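To keep things clear, I will list the structure first and then write my remarks on it.
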């Protein structure tokens, strides 16, 4: 039995390492997977088979579902061609062109944008908007978690459906795995059309498990929309052990940008649902100028031709002349992003990184801390906030802001479906910069001298998880 196991282990390991060498795209990621296979007999190879294989190269990734999704993505919508933003600043125009080429969305003018800085505030504004719905409520979340917020949403939807409002929900099948069974049936019983995105089943496990839909989108009557980093979870309204009440940043959007964000939802809904007769024109509508904000939807995923979220963040950095502010709980980017960030610092750009001192992921925390020394050495300021913030924010100079679902990590850059909103606006930038500096003023600044004196054990854990960061 022992000999058979050794032979099996050798055969599987040779196959897996051979596949890594042949199909590997990045040496760092390939080395990490090879180490996992060697140090975790059998289990490491299974992990690679589930999470490491680049399935976009293989035919079984091009299933009917993905063909259906791509076909929908290329449908024309004349209502999106108005309100195009025109930029006199060449830096903004270059960024606009980059996002258009990568995400197939253009900057739109005439929008009204409200920044919601707290989970409690977000849900108060969101539920109020839902109460005013006349035609439909479209909901998409990575996490729909059982609790007071989900119960309130269920009760609200039941009332609105009785009033004739249509409600559609899509959710990530892994992030919202607890929604299976009775909780989902409760929504179905009141008339909600609810579907998981890429449900985890044996027949599609290989190509769906590692590609998650991390978006958070709500669209109401195509008049108002919400997106950002907040999930439906009581963590945002109640204190939990260890991390307290979660902080996060969300956006309320009105104006022409709503059509673009709604298209992202409609594309995912069309992909997830069993509805064959699904007409865009039933849900999109002519928009009007309601404000002075230029905004652009940035949507990317594993079916995108380019790593859209990473290109957006690097594109924003490349336009920076004076300052870059980043807030994120999972700052574990790849080498391309790190080099771009260090180049900006060496060019004299003032860069500040704000991250939580505590984390809901120990692996992500140690991997994140592993980069601090090299960042501090090039003059990047790092601040540790005492509370836990789930926000994904990037602020550049005095007129560029990104808020959305995309983390600064390899998963958001390459594996997840994500949506950010890029705002070209001085007023919102000033508001966000003021809040960012206020939090940094209360946070603990990390100095190079103090950080270099951390314990040997912490350095070991940082080095260990840095090695595995492409897998986190």
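Numbering (this note's numbering), first residue to last: 40 to 511. All residues carry an ideal CB built from backbone N, CA and C; glycine is no exception. Predicted model, so just to flag it, every value in this text is computed and none were measured.
Between residue 154 and residue 174, the CB-CB gap reaches or exceeds 8 Å. A contact between stretches requires three or more CB pairs, one per stretch, nearer than 8 Å, and the segment 267-284 meets this requirement with the segment 429-444.
Collapsing the DSSP output to three states places residue 180 in a strand.
Assigned with DSSP and collapsed to three states, residue 333 falls in strand.
Residue 484 sits in a strand when the DSSP states are folded into three classes. Going by DSSP, residue 303 is part of the alpha helix (DSSP H) stretching over 296-311.
Taking the C-beta atoms as reference points, residue 361 is found nearer than 8 Å to residue 436.
Burial check for residue 219: the Cβ neighbour count within 10 Å stays below 16, so the residue is exposed. Residue 237 carries a coil assignment under DSSP once its states are collapsed to helix, strand and coil.
By the neighbour-count criterion, in which 16 or more other beta carbons inside 10 Å mark a residue as buried, residue 345 falls on the exposed side.
Note on geometry: alpha-carbon atoms of residue 469 and residue 224 lie some 45 Å from one another.
Distance from the CA of residue 384 to the CA of residue 276, rounded to the nearest whole angstrom, comes to 37 Å. Annotation for residue 164: no beta strand (DSSP E) segment contains it, though the alpha helix (DSSP H) segment containing it runs 158-170.
Just measuring C-alpha positions, the residue of 148, 145, 195 sitting nearest residue 163 is 195.
The C-beta distance from residue 421 to residue 471 rounds to 19 Å, too long to meet the 8 Å contact threshold.
In the three-state reduction of the DSSP assignment, residue 328 falls in the coil class. Non-local beta-carbon contacts of residue 504 in its own chain, meaning distances under 6 Å to residues more than five positions away in sequence, involve 402, 405, 406 in chain order. Secondary structure note for residue 135: its alpha helix (DSSP H) is the uninterrupted segment 129-142.
In this structure, 458 is the residue among 483, 458, 466, 492 with its C-alpha nearest to the C-alpha of residue 252.
Per DSSP, residue 174 lies in no alpha helix (DSSP H) segment and is marked neither H nor E. Residue 265 sits in a strand when the DSSP states are folded into three classes.
Taking all protein chains shown into account, residue 496 has fewer than 16 neighbouring C-beta atoms within 10 Å of its C-beta and is therefore exposed. Shown here, residue 438 sits in coil according to DSSP, grouped into three states, outside any helix or strand.
The C-beta distance from residue 333 to residue 463 rounds to 4 Å, short enough to fall under 8 Å. Pairing residue 200 with residue 170, the inter-Cα distance amounts to about 11 Å.
Rounded to the nearest whole angstrom, the C-alpha separation of residue 296 and residue 150 is 7 Å. In this structure the segment 174-185 touches the segment 205-212; the number of beta carbon pairs closer than 8 Å is three or more. Relative to the Cα of residue 354, the nearest Cα in the group 126, 138, 123, 125 belongs to 138.
Counting along the chain, the unbroken alpha helix (DSSP H) around residue 385 starts and ends at 374-385. Three or more Cβ pairs drawn from the segment 405-419 and the segment 474-494 lie within less than 8 Å of each other, which places the two stretches in contact. The secondary-structure analysis by DSSP pairs residue 212 with nothing; it has no beta-bridge partner.
Between residue 188 and residue 272 the beta-carbon gap is near 7 Å, inside 8 Å, which marks them as a contact. A direct Cα-to-Cα measurement between residue 231 and residue 323 gives close to 20 Å. The beta carbon of residue 172 sits closer than 7 Å to the beta carbons of 199, 204, 259, 260 from its chain, once the five residues preceding and following it are set aside; these are given in chain order. No Cβ-Cβ contact shorter than 8 Å links residue 250 with residue 368. Of all alpha-carbon atoms in 127, 131, 142, 136, the one lying nearest the alpha-carbon of residue 338 is that of 142.
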